[in-house]
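*Asks:*
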Amino acid sequence: MEKQIEHFLDEEENQYSLRPQELSEFIGQEKNKEKLRIHIEAAGQRNQALEHVLLVGPPGLGKTTLAKIISNEMSSGFKSAVGPSMIKIELATILTNLAEGDVFFIDEIHRMQPQIQETLYPAMEDYKLDLPVGQGPSADIIPVPLSRFTLIGATTREGLLAAPFRDRFGIRIHLDYYTVEELKIAILQNSEKMNVEVEDNAQFEIGLRSRGTMRIAKNLLFNVRDYASVKYDGVVTKDIALEALNFFQIDELGLDEQDRDYLRALIDKFDGRAGLKSLAVAISEDERTVEEVYEPYLIKIGFISFTPTGRVATDRAYNHLGYKNQTLLEL
Ligand code: ADP
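See the structure below:
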C-alpha cells in the first residue's frame with residue numbers, strides 16, 4: 000500500500016482556508032523567512048522580479064505553501080506544474096504566457112527530464128526560450144523573449160539536481176523539521192479555524208506525534224477531531240487524543256503501521272541490514288517513496304543509518320519495536 004501523505008488535505012484546506020497566505024502567518028523557519036523577506040523587499044525596491052528560488056526539504060514542510068506566499072508577497076501571478084509529468088510543449092506554453100514578475104512553481108523539480116531542465120537554462124538566465132523550427136539537425140533555433148519571471152523549484156532531493164541547474168537558483172532555502180512547540184501553534188490555529196476545542200495538553204500530544212511535519216500535524220488533527228466527535232462530544236482532551244492516536248495506530252514517536260512494517264522487514268527479513276531495492280520489494284512500496292517519505296524521518300530519529308552495504312537498523316529501532324539482544328549491529 001502506498002504511504003499517503005501527499006496532498007490529501009486539499010479539500011479540507013479549502014473549506015477552512017487553513018493554508019497560510021502571508022509570511023507572517025507561516026509558522027517557524029524564522030531564519031528562512033527573514034532571508035526571504037530581505038530578498039522580496041530588495042526586489043521590490045529595484046522593481047525587479049525576485050531571483051529564482053529553490054525550496055528544499057522533505058514532504059509536508061511547506062514548500063508549496065511558501066511558493067504561494069512568495070507570489071502573494073510579490074503581488075504577482077502564480078502558475079504551477081509538476082516536474083515529472085512536464086513535457087516540452089507544456090513548459091513552452093507556460094513560459095511564453097508568464098507576465099512580468101510572475102512566479103512559476105515547479106514541484107518535484109528533481110524529477111523533471113534532463114532535456115526539459117536544459118530548456119529552462121536560457122529561460123532562467125536570459126529570459127529567452129530557444130524554440131526549434133523545422134526538424135533534425137537542420138532545424139533553426141529561434142530565441143523567443145520571455146517576461147522576467149521567478150522560477151520556484153521544490154525538491155525533496157537537492158542532490159539529484161544537475162549542478163548547473165542548481166546554480167541557476169539565486170536563493171536556496173532549506174526547510175527544517177518543526178519543533179513540537181511550532182506544531183502546537185499550527186494545531187491550535189487550525190482547530191480554532193475549524194471551531195474544534197483541543198485542550199492544550201492534547202495539542203502537545205498531537206504535536207509530539209507529528210514527526211516534525213506540518214502536513215502530518217494537520218492530518219492527525221483531522222483524524223482526532225473526527226474520533227472525538229463520533230465517540231465523544233467533540234472536545235479533544237488529552238485522554239481522547241491519546242485514545243484516538245492509539246486507534247489510528249500512531250505510536251508515541253509518530254510512527255504509523257507502515258513505518259513499523261518497514262522496520263520489521265529490515266530487522267526480521269534482512270537481519271537489520273538491507274539494500275533499498277530489496278526493502279522496497281519486501282514492503283510492496285516503490286523505491287522513491289521509501290527514500291523520500293519513509294526514510295528521512297527514520298534517519299532523523301536515529302532508527303536507521305546508511306552504510307556502503309545498505310540501510311542498517313540501529314539499537315534504538317530494535318528497542319522501539321521491543322526486540323532485545325540484537326547482536327548484529329555495529330559490525
Ligand atoms: P510541501 O509542499 O513541502 O509538501 P505543503 O506546502 O503542501 O508542503 O504543506 C503541507 C501542509 O502544511 C499544508 O496544509 C500547509 O498549509 C501546512 N503548512 C506547511 N508549513 C506550514 C507553516 N510553516 N505554517 C503553517 N502551516 C504550514
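Take the sequence shown: its position 293, counting from 1, is numbered 292 in numbering that gives the first Met the number 0, and each next residue is one higher. Virtual Cβ for every residue (Gly too), placed ideally from N, Cα, C. From a predicted model like this one, the values you see are computed outputs, not experimental measurements.
For the ligand ADP, is there a heavy atom less than 7 Å away from the beta-carbon of Arg214?
*Replies:* In the sequence shown, the residue the question calls residue 214 occupies position 215. It does: the Cβ of Arg214 is within 7 Å (strictly closer) of some heavy atom of the ligand ADP.
*Asks:* So is the beta-carbon of Lys183 under 7 Å away from any non-hydrogen atom of the ligand ADP?
*Replies:* Counting from 1 along the sequence shown, the entry for residue 183 is found at position 184. Flag unset: Cβ of Lys183 not near the ligand ADP.
*Asks:* Can Arg156 and Glu291 be called in contact, C-beta distance under 8 Å?
*Replies:* In the sequence shown, residue 156 corresponds to position 157, counting from 1. In the sequence shown, residue 291 corresponds to position 292, counting from 1. Taking 8 Å as the Cβ cut-off, Arg156 and Glu291 qualify as a contacting pair.
*Asks:* Just mark Ile170 as buried or exposed, buried being the case when its beta carbon has 16 or more other beta carbons within 10 Å.
*Replies:* Walking along the sequence shown from the start, residue 170 turns up at place 171. Burial call: buried.
*Asks:* Which of the three DSSP states, helix, strand or coil, is assigned to Gly43?
*Replies:* As a position in the sequence shown, residue 43 is number 44, starting the count at 1. In the structure shown, Gly43 adopts helical secondary structure according to DSSP, grouped into three states.
*Asks:* Exposed or buried, Pro19, counting other C-beta atoms within 10 Å across all chains shown (16 or more means buried)?
*Replies:* As a first step, residue 19 is located in the sequence shown; it is residue number 20 there, counting from the start. Pro19 should be labelled buried.
*Asks:* Leaving aside the five residues before and after Val132 along the sequence, list all residues of the same chain whose C-beta is less than 7 Å from its C-beta, in chain order.
*Replies:* As a position in the sequence shown, residue 132 is number 133, starting the count at 1. Excluding sequence neighbours, Val132 sits near Ala138, Asp139 and Ile141.
*Asks:* Looking at the strands, I want to know which residues DSSP matches up with Arg310.
*Replies:* To locate residue 310, count along the sequence shown from 1; it is residue 311. In DSSP, Arg310 forms a bridge with Ala273 and Phe305.
*Asks:* I'd like to confirm something about Ala153: is its beta-carbon nearer than 7 Å to some heavy atom of the ligand ADP, or not?
*Replies:* Within the sequence shown, residue 153 is the residue found at index 154, counting from 1. Under cutoff, so the answer is yes.
*Asks:* Go ahead and pull the three-state DSSP assignment for Val195.
*Replies:* Position 196 of the sequence shown, counted from the first residue, corresponds to residue 195. In this structure, Val195 counts as coil in the three-state DSSP scheme.
*Asks:* Is there at least one non-hydrogen atom of the ligand ADP closer than 7 Å to the beta-carbon of Pro144?
*Replies:* Locating residue 144 in the sequence shown gives position 145, counting from the first residue. No.
*Asks:* According to DSSP, simplified to helix, strand and coil, what is Asp101?
*Replies:* As a first step, residue 101 is located in the sequence shown; it is residue number 102 there, counting from the start. DSSP places Asp101 in coil when its eight states are reduced to three.
*Asks:* Bridge partners of Lys78, per DSSP?
*Replies:* Translated into positions along the sequence shown, residue 78 becomes position 79. Answer is Phe103.
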